[in-house]
Structures are given as C-alpha cells and as structure tokens.
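Asks: Pasting a structure below so you can have a look.
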Amino acid sequence: MAEGEKSQDGLELSKKWLEAADCRTELLRYLKEQVPRIFCLKKESSPQEEEELMQSALLHPLECFLFGEDPLEGLEKLKQGSSSSQLCGRVFKEGETVYSCRDCAIDPTCVLCMDCFQDSVHKSHRYKMHASSGGGFCDCGDVEAWKIGPCCSKHDPGAATAMVTDECVLEPELYERAEKLFRVLLQYVTDFLVWEENLELPAELQPRTKENAYYCVLYNDEHHSYDHVIYTLQRSVHCDQAEAQTHTALIDKEGRRAVKRGTLLSCQQAKDLIRSNSEHISLQPLRVEILHSAVMAHQTFALRLGSWFQKIISYSVGFRQAFSQVALEPTPGREQPCLISRLMLHDARMYKGARKIVHELIFCSMLMETEFKRLFAIEFTKVKKKERFTSLFVYSSLSSFNACVMSVFQHYKQLQKDFINDDHERSISITALSVQIFTVPTLARQLIEEGNVIKVIVDTVMELLREHLDDNNRFFFLGYNSDKFSRIQVIFHDLRYILISKPSVWTEELRTQFLEGFKIFLRLLKCMQGMEEVKRQFGRHIAVEPEWEAGFSLQIQLRHVLAMFQDWCSSDEEILLLAFKECHTVLMQCNNQPFHREATDYYMCKHILHVRPYKVSQEPVSIHLPISRLLAGLYVLMCKSGAAERLDNLESYEFTQLAEYPLRCIVLAAQVSAEMWRRNGLSLVSQVYYYQDVKCRDEMYDKDILMLQITASKMEPNHFLMLILLRFELFDYFNGNCSSKDQDELIQWNRLTEEMLYLLIVIVGERYVPGISHVTKEDVTMREVIHLLCIEPMAHSNLAKGLPENESHETGLESVITKVATFKKPGVSGHGLYEVKKERLVEFNPFFYHYSRSQHSKAEESQKKRRTQESNDKALRPPVPPAFCPAFSSIVRLLCSDIIIHILRQVLQRAAEDRATHWTEAMIQRALHLIGQALLEEKMQLEDCSVEEVTFDFSLKARRIGSEHGKSVFLLLSKIKTVPSLEAQKDMVKWVLQMFEIIKCLREKSSPSASMSVETTKPEESAQDKEKAERKRKAEAAKLHRQKIMAQMSAMQKNFIESNKMLYDNMPESGTQGEPATASESCAMEQRELCIAIGPHRGSTPAEREVLTCILCQEEQEVVAQAQAMVLTACVQRSTVLTQCRGKKLTSMGDGTAYPLFMPPELAVGTHTGSCGHVMHATCWQKYFEAVQNTTRNRLHAELIIDLENGEYLCPLCKSLCNTVVPLIPLEPLVFNYENAEIIGQHLTMPRWIQILSARTKGLKSLAQDNECSSESSSVDGDTGMCAEGQPDFRSILSYGVQEPRKLSDSIAEMLVVCATTVHRVGLQTAPNELCPCVPLMAWNTCAFTIQAIENILQQEDKPLFGSLQNRQLAGLKAIVQFSAAQRLKSSQAVIQRHFTGMLGVLLPAMSRKNTPSLLEVDFFHLLVGLVLSIPSLYQEEAVDLQPSAVSSAYNHLHVLHLVTMAHIVQVLLSSTDFPAVAGGEETEEARAAAELCSTMSQLTGRPIPDVSGISVAERVKRGIEPFLRCAALFFNCLTGVCPPVELSSTAVTSQGQVEALCSYLALPSNVFQLFHDHRDTVSPLLQRWCGNQTVTKALKGKLQTVRYPRRRNRLIELPEDYSALLNQASHFQCPKSMDDERKHPTLCLFCGAMLCSQSSCCLSPLDGEDVGACTAHAATCGAGVGMFLRIRECEIVLMASKTRGSTYPAPYLDDYGETDPHLGRGNPLHLCPERYRKLNQLWQQHCILEEIARSLEVVNVMFAFEWQML
C-alpha cells in the first residue's frame, strides 16, 4: 500500500472512531476483525510480513486517532513544542555495565548508564562499575539520587533544580484523545495479559465463526534444561534438532512459544506427548497449553501494543502523564483494582515476555514522574483505604492526586507470596521494582508516615516464616526449603532500601510510625532470640548434623538492617530512649535457655556472688541473641549522645542477667576452641567460625563483648570476674576445690584458662568503639588495617575482605590507608601490596580481638621476626589504649580487683612450680599481657595531672598480696624468668618488671634524676641502637670498598690476558689435539677478516665439544653424529604471528607448485617449532613418552591438558607442552681452503654456475625418464644469454669439489623421521605420512618461519641480532637448522631434486614450470632456505653418495644468496608505492645505481618513472631487505657456525652500521645495487622476465593486492587506557546474527580487534563437522586455532589452543591498587598496564600460548570440563 493511501485510510478510520457514540466499541470491533486476520492468517507467516501488516492496518490508524492528523506531521509539531526530559530512565538489560559514584551517590543503588556516566562529572570521581542483573534503570536526572551532579550534559536542563514533574505541554484536545485511546487500549492489553480462558475470547471480541485452528504452546520453567526441552520437542512434535533448538531458545527468552499449529485434536495429542516425554526426564512435566488461534492472535497483539505504548510515551511528557493516569485510575463501576494493579497481581502467572513488557511500561511511565511514582508506590504497598478518585487533566494540578488512595487489599504481601511460589528469578518479578520506590528518601519517609511500610514488610516476613516457629515461638529451620527460604530473605532488601537514608528532620507522625515499625521488628528478633539451641553431646558422636545455615543466613541478611535501625535511632534522642526501653522490655520477656536451679552463694577471696548456676557444657545454649546485641548497641549510642543520663532507674537493671547470654556465647566459643564439643560435629564449629567472622561479628561477637563491657562498668568488679569464672567453669579450679589427673581434663582447663584470660584482655583493652572511648570510625578502621598488615603485607582487595562493610558496601579503607601503610607497586605479575608504616607498629596488639587463632600466630611470628631483624627484644608489649569514656571508666577496676590478682597469682605460681600439665606458655603470655595492661593503666593515671588521687593500685596489690609466702605477682614474675620453657617470654617478663620499677618511682614522686635512673633503659637502648647502626654503616662501607678493589683487580687481570692473548692461545689445553688449537688460533688471529658466513672468504667452523646431561637419567653424553641420539623437547604449531592477511587460508595445489613448495609473501600461516631447551637421550624420551601415555589415559579430563593422539606430552622438567623432539646434530668442524677457493672462484662465476645447474637438472630429468622435450631444455641455455669456456655437461658440477656425505647413527636417523613427520602432520593438518614428498618441504618451511619469528621478536624488543637470545631459543634454533639441513640424508634425492628445480624456477623463469609463481607471490627467505638446503641433492650419483665440498658449498650459498637478494630487491621495488623523504645531500654511487635500477624497471614494466631521488629509492630498498638479511644472517650462522661481527651483537650501532655489518657477514657488497652491476649480463634477461610476468602486470595495475616491504610487524591491537572505553564499546555492540536487544557476551579478539558474540547460540557455526562458538570459529581462521580474547564484561583474557583447550588469564587492566578485577567483582576504575600488555604480546609472539594453557590446566584440578568450543 502506498504511503499516501495508508495515511488516508488511517485518517478516515480515526475520524469514524472519533465520531462514534461509543468509541471503545468501535475500536474493539475493528480489532476483532483485523487482529486474527493479521496474526492467524497463515500457518507460516514471516515476522517481517506480520510486522508490516500490523503497522499499516492496526498501529497507523491508532496513531492517526491519537494525533488527529497524519502521525508524522503531528509528531513534528509535538517535537517543536516540547523539550527533552531531565530523566534518562534507560532500562538496563542483564549484563549491561552500570556505574555508581562512591562520592556522590546517596546509596549504592543509584547508578548511571554508560552514556550518561561518560558525560557526567562522576567520571573523575571515585566510581564503581558492575554488571546489571537487569530490571533497573538509569538515575541520571534524579536529584534525590545524587549529592552533586545529578544530570549528565545530555540531560541537564540548564540548572540542577529539585526534580518536579514536568509540565504537561499537550493541547487539551490531544490530551483528551490520548486519554481516551490509552484507556481502551490499556484495558485491552490488561485483559489479554491476564486472560486465562485459552479457548474462548471475551464476548465483545468473539468472532462470527470460530475456526478449528489451535496452537500448542510450550511455556518456560526453571526445572528442565535446554537439552531436555530439545529432546522432548524432537520426540513430540517431530521437528529436527535445529528447529527444536530455535524453539527452545525462544521459549527461554520470551517465556513461551507455539510449537505446533493444527486442529484441537492434533494439538491435544502434541500436548499429551510433550507432557509424557518430559515426565520421563523430570518428575515434573513441562507446562503446555492449547490456545485458540484467535486468543493467541490477540495476546500477541497485546504484547506488541506494550512496545507501541513505550514508543508513544517517549514522544511527550503529556503522553506519559496521560498513560500514568489511566493506569492508576480505578475501574469505574467495578470492584476490581486499577489496571496497573491487575497487571501487578497477575505478574507471577504471566510468562516472561509479558512480564518484561509490563515492567518496561512501568519504568518509562509512572516511575519517570515524581507524583505518579508516589501513587504507584502506594499502589505497590497498598496501605490506604479507598476514597474518591480525583480526575487529572492537563490543566489540573498534580497535587490534587495527593487525595488519591487505593483498595484495602494489601498488595505487597500478595506480590511477595506470589514471588516465593514462582520459579522465575527476581529480576523478572514485579517485586524487583521495590528498589525503584523504596530508595527514594522522600518517598520512603512518606510511606512510613502514611502507611508504616516497615510494619508491612516485617509482617510479610513474619507471615511467610510462621511455619518455621516452634512451640516456644522461636524459629526452628529443620527441613526447610532452601529455595523458598532464600526468596523470603530477599524481602529484607526492601527493609534495607526503606532505611537506607536516615531522616534529618523528624515529625511526630514519623516518630510514631517508626517506633511502631521498630516494635514489629523486635517481634521478629524475639523469634530469633535463642533459636536453634545446641546441647553438648556426650558419649557418642552426634548422628545427624543439625541445620544451622538458615539461622546464619538470616543473621547475615539482618546485619545491615540492625545497623540501620540503630543509625535511625541515633539521629533523634527521644527515639533512641524509647527504642532502648522497648528493646529492654522485649529482652526481659524472652524465655530462651532459662535457669533450672535457684540462686546460690559463691565465695572467693572474701567476696560473695549470689547467682543462679548454669553450665554451658551441660545445658542448652544458643548463639543467636539479636535483642541482647541490639540493646548493647543502643546503650553505647546513648552514652555517645549523652541520652543515657536521661535514662530512668538504670541502677535497677539486672546487669548480671544482661551479661548472662552474651557470656554464654563467648564461653561456648571458648569450649569449642578447647575441643570440648567435638562430638557435636562440624555444624557447631561452623557456627562459631561465622560468629567471629567479618561477615557477622559486628552484630554478633562484637556486640557480645560490648554488652560485657557495659555490665563490667556497672557491676562490682570482683562479682563480674567471679561470674566469668563460673560460666567458664573455672571457679572451683581457681578456688582450689578441684584437682584431676586426667590429661584431657587438664588440657581443657588450660585451654579454658587461656580463653578466659583472653576475654579479660579484650574487655579491658578493646576500646576502639565510638561511645566506649573518644574515637572516630576512622580510628577504628585504621586500627583494623594496622592489625591486618601486621600479619603480612596485603593487597587492597584482601584488606577490604578483612574489613566489615557498611550498608553502602563501603569499608572506609581508602580514607585511612595512606595514613597507616605504604604501597609497593606490582611488577608484570602479582599485585600491589600495602606494608604497615613503622611508626604505626607501636599500636600492634598481639591479642587483637578480631584475630583468628591462625592470624594471631602469624602476626606474633611476623612481629617477633621484625623486632629481631631490628635488633630489638622480642617483647610484644600491649599498646597504650585510649581512655574510656566516663560511662565506661570503671571497667579498669577489673585490673586491680582482688579476684584478678588471685587469678594471676594462681597462673604464675603454676608456671613457677613448673608443673608442666597445669600451665601452658600461651596462658603465661596472656597473663603477662594482662599485667602489662594494668601497669600501663596505672602509669597513665599517675602521669595524668588532672587526677588528684590515683585509686588504681594494681602494682601495690601485685607486690603486697601473697608476699609473705613469696607468692605475690611481682615475686612470681621474678621466679618465672628462670623457667627454661619460658625462654620465649623472657623479654616480656623483663619489660613487665621494668614497668613495676617505673611505676614505683612515679608513686614515690622521685626527683627527675632518680626517675631518669629507672627510665634509662630507653635512652640506653636508643644509644645502643645508634651505636649498632653506626657499626653496621661502617661494615657496609668496608664491604663496598672491598668489592670495588676486587672489581678493579678483575679488570686488570682481563686487560693483561687481552694484552698477552698470543701467549694464552699457544698454551694447549688438557685433552685437546693440536689441530683444533691451530684452528682456534687462526680464528682469533683473523677474527675481523673471517666474520663472513658464505663465499670464498667464509670463516672456519670451530671445533666445539658439546657435553650435555639427560634430564631423565642424569647421565652425561657428548653430542656426536655417530653416537646415540640426544634430543631436544619441542612443540610444533601452526602460527599466524607474522601474517599480513589475517584470516586467509592456505591451500595446497595438486601439482605441488603452491604451498608448501612456495610460501606466499603474506605468511598467512606458518609452522613454528619451539623448544624449552631441555635435553634427553632418545631412548629415555621414548620410555618417558610411553609411560605418559599409559598413565595419562586414566586421568580425569586429561584430554584438556595433552592430546595423546597427536603425540603431546609435558616436558619432564619444566612442564612445557611438547609434541615432538628435535635430534641434536653437531656442526662439522671445518678449516677452509682459501687457495683452492680462489682458484675455483675464477672459473665458477654466476653465469657458469647457472649453466652448470641447468645442465645438471636436465641430466637428472633424463635419468628419471622425464617426458620434457629437449627443445625446452635447449631454450634454457639460449634464454640465459650466457657464454663461457664451453658448454657444461651433466657432471660438470662434480668437478668443483665433492666429498662423502656425513654419516649419522641409526638413532639420530630415527629421530629425524619422528620430528619431520610431526612437522609435516601439524603444518599441513594431515595424517602422518613419512613418505610424503612434502615432508622435507615442511622441515625447511618450519626452519625459515621459526627464524623469521625469532628475528621479529628481537626487532620488536629492540635487541641485537646475536647474543640476546635465551639459551633455550638458541639451542632450539641451532637444532632446527641442522635438523632441516639433514633432511636430504633421509628423503628421496629425486624428490628433493624436483623441489630444488621447482624453487629455482622462480629465479630463473626459463626453468619454470607451468604454475610457478611470480616474484610478488613468494617469500624469498623461505625460498633461500629451501634452495640452500636442497642444492646438495644435485651432487647425488647413482653408484655413490656424494655431497658438495666445503668450497663448492660456499659458492653455491654465495650465488643462491646473491640471486635471491637481487630478486628480493626487485620485489621490494615492484611493491613500493611510497618512498621515504630523505634530506637532500650529495648523490652517492649507491644512489645513482638505485636510480638506474628503478629507471630500468620502470621501462620494463611500462610504469612511469617515479619522481623520487636515488637516495629515496636506496633507502626504501635497504629498509625493505633488512629483515631478509637479518634472517639470512641467523640462518647461515646456525648452518655454518661462523662467528658474526661484533656490530651485530650490539644495539649501539646505527641502522646503517647494522646493514653494512649484515652485508659483510653475508658476503654482499655494502652497496647492494652493486650486485646488478657485477652480474649485469646475468640479471638483465632475468629482470626482463621477472618484470614481464602477467601477475606482476596485474599487480602494478592495482588488480592484485601486494605485500609492502618491510612487512608490517604484528602486535596485539591497541587497547584504550581506561577500561570504561572498552565497556562503552561493548555496550554499543550488537550481534550481527541476532536482532533482539538481549545483551550478549561481547568478546574482543586481541589479534585483529574483531568484536565477537561469544557463548551464544545465535553465533554458532560449523567447524570440522561440529557446531562451535564464535570465538572458536574465529580463532581457527585468525590464529590458526590459537586465540587470545578479552571478555569485556568479565574483564578476563581467554587463551584458546584448540576446540577443546583453553584457559583464563588475568586481563592487563589494573585498578589503582595494582590488582586485576575478574568479573568486575570489586568494580574499581581500571587502567591499562603497559608492562602486562607487553607480556601478553610476548606470550603470543613467542608462541607460548599453548604452553601457558597446558601449565594452567596442569595446576588446576579440572573436575568439570568447560566446553571451550562453545565460547
């Protein structure tokens, strides 16, 4: 339909609807006719066709009705009259990255989308990033969410004013039409989304005739897996696997899918089959429904209308307000709630796709408007009674909506119940919207004031947990449903959201409602008080471990809620007092673990305690005491604010009873530590662990200590200590009323004594709580950090884990860390570490109450070690604590009480008597610490000028009590100094005795001189320290002086040896023969002259005796050609490291003229052979390999580590991945005959050499009965245009020197075959075949490619060509070159001769075959290696094995290199389009020769002569051929063993110097263009043939792409410095094969930069007959099976080596603390670490990815194999 016609029809329809008496009826009648026609017209209609019909026939008329004119014109007018919204409102998809500002966000739920964050002020703040779980929306523009910067630059209206509802800008008529249309359509959408009659339609939509067309619809559930559903569909509806997979993916995404269309009977049969087949797999069948096609059509259109609503609402604020009003108004004349409430209440019964539409509609409408958001919140919680609804029009004030109230139904409870019974995740439940309304501070307070939402939430929890209450009205979770329970706990999130922002101003209504909610909350805590009690098991071990996780998970959920309630209470003194009284009242009502006996009098040291007996070891006890702990927290807040003074009758409180339950908990933990509860199993051990763990301790253990400190401050100190002794069951033990010889009982008493003393240390010494002493939260955090760092230096993340988080997930670490620690940056591995500053070590407390037992031991050991290194004593003194606040100052009386003196005397007396079973060192250590605390306290009070009379008299009592019997504390301390087993505590005892003396002097108020005599220890120590430091400095200086003298002597010695080198060289070494000595002398004499690798002036190969040790049998053996083979471990792999055309595949031609005979210049895929450098005997390796195969087959998932079928194994020493071995073949020592070489050189010129080769190859072809015609052979001679002394014959080549070939042992020959077969198999990805003609070719190719790869690494790392390789690289390279050279000895000579002839055809076109490539299609270094290593085969005779002599080889190498170099120069010029700009200077001979060659080539190719200078041409050529020359130098060095010139072993030499040194070493003129002049007659006809090639002509015309020289050096792609940029890139990524907006796993290939959609079924592609993921498929082409990917949202590297092997690797992005952040768990800003990225680049360039994967898999015990092929 034409656009004009469509508009006309739509306008007519809309006019008809407007004029109708009942607009709704007309609209529905039209939908009744059109909807089934569009959506059920055909059995198979394409989605695109459906969309077009719906747009033209349905949506367009509706838009015409809405605008009253053509929609495009109406929209244009609307845009002109409206402004963009201040709110962003972007709805997050699952996995999308969101940002939260730690400096400015009101709470952690306030987040920004990627785009808004990038344009906001928060980018420069402390921010966090994490992956969204889906369902939330961007808070940009919401001023209640941010302290500053509420808007990004895009949404900033000009001034950040308080967010108000945007003014409606619609004309009244347009608003009225919108309201009318929205009311009809939203009613229609609601009816069909909640419609449950599958076979019938509503009466007003019933069609005239009902067709027998039905759909069998399958719904999503969380019980059946993908595979189960696919299997069921294949069996039930007879679809193929691909179709079943499509159905399943869509069911999972949308929530339902029609899997069959047909008659009612056929659909019923399909339904029965699906249910029966799914029941076989799972006990619960799949949910299947049969829907009439018309019902299905209307439901489908209702969903599409949901999306249409979102589009329309986005056009204007007025549309948004109209929609919100319609959605929230009650249904007229019905008892039903409003439309949005109907949708909410039906949410759990809707399928996933429908839910998403409804939630998105709510997001983009009501939640974007302040007033409607408030009304929606009321509707969500449903806490008001029904009143009159006031209509809202465009011109009416929104404040009139304040009168709006809703139904009596409590929707909140119903919604939560539905969610708990649902099986879908919370992210797609309507209950997830609570975070959007409860976290708005003004809205939260309003909901508390008007509807007491706290009460609603807690009542909901109580109602849902009622089934878990026991007879005592306490929770008991035996046999609970973990899934249901975890869903109930989610409701506590809503309570946290409501309390997240405490009020700054309290109203009377807010006070009343909050207190009401607090009381209800106390009812919940009352059910937890004393729950899950335990009783000590005697005799037998407990049969069934009791359930404990539920109680602790409840405690963890309430941890922040409890803290927030206390925070709210602290903000208002009146609330605080009332809350404390209410809490105390409820605590007194609790009846958990009551006493069963009457109170008794207990006597000790003339003190009487009247208390009821209770033994933790015999009676029930519970670790859950939330009310007691809440009371302690509230009391300290009252003390801090001063409200405690207003508390009535505080003295009347029974503090003994308040201390009872916390004390029982601590005693329980102590007894568990003393192993008295072993028979109760691990459940109790776990409870005690979490009781003191950082996750729970702030609201459990810490509050119990707090309560004991409160009671200690209020009770008589002796009575308090007696109570502690009673509950620790040590009262009789310290009263001397019991004794035992039972070792177990004695051990228990000792352990309990240790724990009891530790508790006293904690009660007296732990004062770092605001309210207990005058400290701040920052002081508390600093102390925590200091003690964590005293254990060991820690990473930032480990420190954060050791600190408790507040409700905003903040630890306060960043604000204090720089004050207490120094940061050490990480290297290329590991992470940054913080070390505690030395000046902070005085605050270290070895008995810090947050240390676990293991942490205490580590910290103590660490600090003692540190003090020893600093030459200090080992005494770990108690730190000086801050003073108690007045309310708690009486706690210190414990330290000078009679009972404490009695306890200390008892403990010390046992040690003094040295009765080993009655005391432990830990006990004495704690006693000494306690004494130290008392003495420090006394010293502080004595030194405090404000105290007139010091009543604290510990030192006096310690000296006096028991002194008459020599058993006072002071005298006993003197005695234990001599106890041998207390040697470790000797320094501590000494310090304590010194403190006694100091306090004695202070009490006597002695003169300053007298005081000084006592306190001289410190100055003396200081002087001693200075003296020791001075001695140490002098010793260091002397040491440096000696080192300097030794270095000078060593230099002088070396200088003397160099000066008298002749003398030293003439001295024969033991065991050496004269001839090698002469050779070495000659080499030394003529080193400069003999640094030439080839030609008549080549240097000699020195005789080197190489003796190696087998890493398996540890036996030594010399590497000899005739001996048993020694082998190097090696790994052969395909590589694209050097490729110039990433992703291109190499194809092998049938005639053998393509790869592998010729390597294309793109180096698309090469074969690399690397070695770890470890040597074994061949026989030892064979035995080891067999053993590996036998043992590994039985290992779980062994195939993930090594591929046995392909001969893989791990190096026995370093565990590197290997798949073959390379035999070690020694270099033959050679003394070159220069006279002979000079004579031969006069005859064997290049023209003569070419003629000889031509004649030889012709003769060899004839012998092989080749069918080539003789005319072609004769043309060879004619075309070369060369004349010499006479035409050479078939055997002329032999006249220039031959010798017998080298003999190799059978063992070496066997290993040659093993290695060559592996190289051939891996390189060509073919089956092993040692007889294949390509075997020698692949050996030469791997040799050439490996050299090129090494040269590439050296160049990139700016290292010299020689002398900088690692030993393993050098050993491996030499072995590979010699292995490749030895291929002629094991392969068919005819095959090698044929290969040589084929390769030579590139250089001599007259000898070329049919498919010989042109100069632009060949890599010349591969060609050089092939020609040099295959030319000896021409010397083979039928009757005798021959090879060229040293002189013949020298000339062969020379001429081959010259010819190849000239061809490469031509190749460089042919492929060059740009020439470097070189500063003008005097034209040299080189420049003239370059210009001449360029001119000649231009004439031959017909290309215009480039307007460049000869200097530019020369520079371009030198740059282009330098990599080739460097590779050739490496190759000939390993082949001949001739030493290179020193210039090639240094980076200080200029580039020009490097090239000259290379030319010298390779017997090339420094002016390489001189070659063309020297061989003018030879090269001229060749140049003509080279340039006249058809391929060259095409390339010059731009029809073929050519490689530029020097080739591009590949590196990993450039990554942005800020990780946010990558996340931004990922956020805009769309899967190329999927049109939906579901977020994928964007993954970046670091080789080429491609962004891939990984781990997604949409991007599966076939590879070798198997479906694989996008990354695996990409790695097959981009990296020849090897891949390195960055998973952006997970922030981790994935290394891949094949379809089945891979591993993760840390990303090169670090936060400010030098740590990686996998999966963005911490969310800190990340920045690129260049060193780590460089290391990753080296990992790739050095072909170590396979090795890294194997090592990582070897370390990790793989239990469940990861399907890497699906990545």
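Going by our numbering, the residue at position 501 of the sequence shown is 505; the numbering climbs one at a time, nothing skipped. Every residue gets a Cβ at the ideal spot worked out from N, C-alpha and C, and that includes glycine. Quantities reported herein were computed from a predicted structural model and do not represent experimental measurements.
Taking only the alpha-carbon atoms, compute the straight-line gap between leucine 295 and leucine 347 and give it to the nearest angstrom.
Replies: 21 angstroms
Asks: State the Cα-Cα distance for the pair glutamine 1370 and isoleucine 1354, rounded to the nearest angstrom.
Replies: 11 angstroms
Asks: Going straight from the alpha carbon of isoleucine 821 to that of serine 1624, what length do you get?
Replies: 25 angstroms
Asks: Counting beta carbon pairs with one atom in the region 1617-1631 and one in the region 95-104, are three or more of them shorter than 8 angstroms?
Replies: yes
Asks: With a 10 Å radius around its C-beta and 16 neighbouring C-beta atoms as the bar for buried, classify histidine 159 as buried or exposed.
Replies: It counts as buried.
Asks: Which class does isoleucine 1697 belong to by DSSP, given the choice of helix, strand or coil?
Replies: DSSP places isoleucine 1697 in strand when its eight states are reduced to three.
Asks: When we look at the beta-carbon of alanine 804 and count the other beta-carbons within 10 Å, is it buried (16 or more) or exposed?
Replies: Sixteen is the threshold: when 16 or more other Cβ atoms of the shown chains lie within 10 Å of the Cβ of alanine 804, as they do, the residue is buried.
Asks: Is there a Cβ of chain D sitting closer than 8 angstroms to that of leucine 76, yes or no?
Replies: Absent from the structure is chain D; it holds one protein chain and no more.
Asks: Can the beta-carbon of glycine 139 be found closer than 8 angstroms to that of histidine 302?
Replies: Against a cut-off of 8 angstroms, the Cβ pair of histidine 302 and glycine 139 comes out as no contact.
Asks: Quick one: what's got a C-beta closer than 6 angstroms to lysine 1739's C-beta in the same chain, skipping five residues either side?
Replies: Val832
Asks: What residues in its chain sit with their C-beta under 6 angstroms from that of alanine 24, if we drop five residues either side in the sequence?
Replies: Glu30
Asks: What number of angstroms, rounded off, separates the C-alpha of valine 1018 from the C-alpha of cysteine 108?
Replies: Note that valine 1018 has pLDDT 37, beneath the 50 cutoff, so the model's placement of it is unreliable and no number is given.
Asks: Give me the DSSP bridge partner(s) of arginine 844.
Replies: In DSSP, arginine 844 forms no bridge with anything.
Asks: Is it buried or exposed, asparagine 1356, if we count other Cβ atoms within 10 angstroms and call 16 or more buried?
Replies: buried
Asks: Run through DSSP, which three-state label would arginine 353 get?
Replies: helix
Asks: Within the region 1229-1261, note down every full alpha helix (DSSP H) run reaching 4 residues or more, in order along the chain.
Replies: 1238-1247
Asks: Tell me alanine 1518's beta-bridge partners as DSSP assigns them.
Replies: According to DSSP, which records beta bridges pairwise, alanine 1518 is partnered with nothing at all.
Asks: Leaving out the 5 sequence neighbours to the left and right, which residues in its chain are closer than 7 angstroms to alanine 891 when beta-carbon positions are compared?
Replies: Cys643, Ala648, Ser717
Asks: Check glutamine 1352 in the structure and name its three-state DSSP category.
Replies: Glutamine 1352 falls in the helix class under three-state DSSP.
Asks: Counting along the chain, where does the alpha helix (DSSP H) carrying glutamine 38 start and finish?
Replies: 27-43
Asks: How do the region 1226-1240 and the region 1417-1431 stand: do at least 3 beta-carbon pairs fall below 8 angstroms, yes or no?
Replies: no
Asks: Looking at C-alpha atoms only, which residue of Leu1217, Tyr618, Gly1725, Leu1420 is the closest neighbour of tyrosine 1609?
Replies: Nearest C-alpha to tyrosine 1609: Leu1420.
Asks: Should threonine 304 and phenylalanine 43 be called a contact, given that it needs their Cβ atoms to be closer than 8 angstroms?
Replies: yes
Asks: Could you tell me the boundaries of the alpha helix (DSSP H) in which leucine 1730 lies?
Replies: Unbroken run through leucine 1730: none, as it is neither H nor E.
Asks: Considering only C-alpha positions, which residue in the set Leu1446, His1399, His1426 is nearest to tyrosine 1300?
Replies: Leu1446
Asks: Which same chain residues, not among the five before or five after glutamate 1735, have their C-beta less than 8 angstroms away from its C-beta?
Replies: Gly831, Val832
Asks: Just how far apart, CA to CA, sit histidine 835 and arginine 1726?
Replies: When the Cα atoms are used, histidine 835 and arginine 1726 turn out to be separated by approximately 15 angstroms.
Asks: Please give me, in chain order, every unbroken run of the alpha helix (DSSP H) with length at least 4 that falls completely inside the region 948-1000.
Replies: 958-964, 973-980
Asks: Does DSSP classify phenylalanine 732 as helix, strand or coil?
Replies: DSSP places phenylalanine 732 in coil when its eight states are reduced to three.
Asks: Using a 10 Å radius around the Cβ and a threshold of 16 neighbouring Cβ atoms, would you call aspartate 1310 buried or exposed?
Replies: It is exposed - the Cβ of aspartate 1310 has fewer than 16 other Cβ atoms within 10 Å.
Asks: Between which two residues does the beta strand (DSSP E) containing aspartate 1810 stretch?
Replies: This structure cannot speak to residue 1810, because the chain is shown only from 5 to 1771.
Asks: Would you mind reading off the limits of the alpha helix (DSSP H) that contains glutamine 1137?
Replies: It is not in any alpha helix (DSSP H) - glutamine 1137 instead sits in the beta strand (DSSP E) that spans 1130-1139.
Asks: What's the gap between the Cα of glutamate 658 and the Cα of histidine 778?
Replies: 27 angstroms
Asks: Rounded to a whole number of angstroms, what is the C-alpha to C-alpha distance between isoleucine 1244 and isoleucine 1254?
Replies: Rounded to whole angstroms, isoleucine 1244 and isoleucine 1254 show a C-alpha spacing of 15 angstroms.
Asks: Could you tell me the boundaries of the beta strand (DSSP E) in which threonine 1171 lies?
Replies: 1170-1174
Asks: Going by alpha carbons, who is nearest to threonine 1500 out of Val1542, His1577, Ile1525, Ser1449?
Replies: His1577
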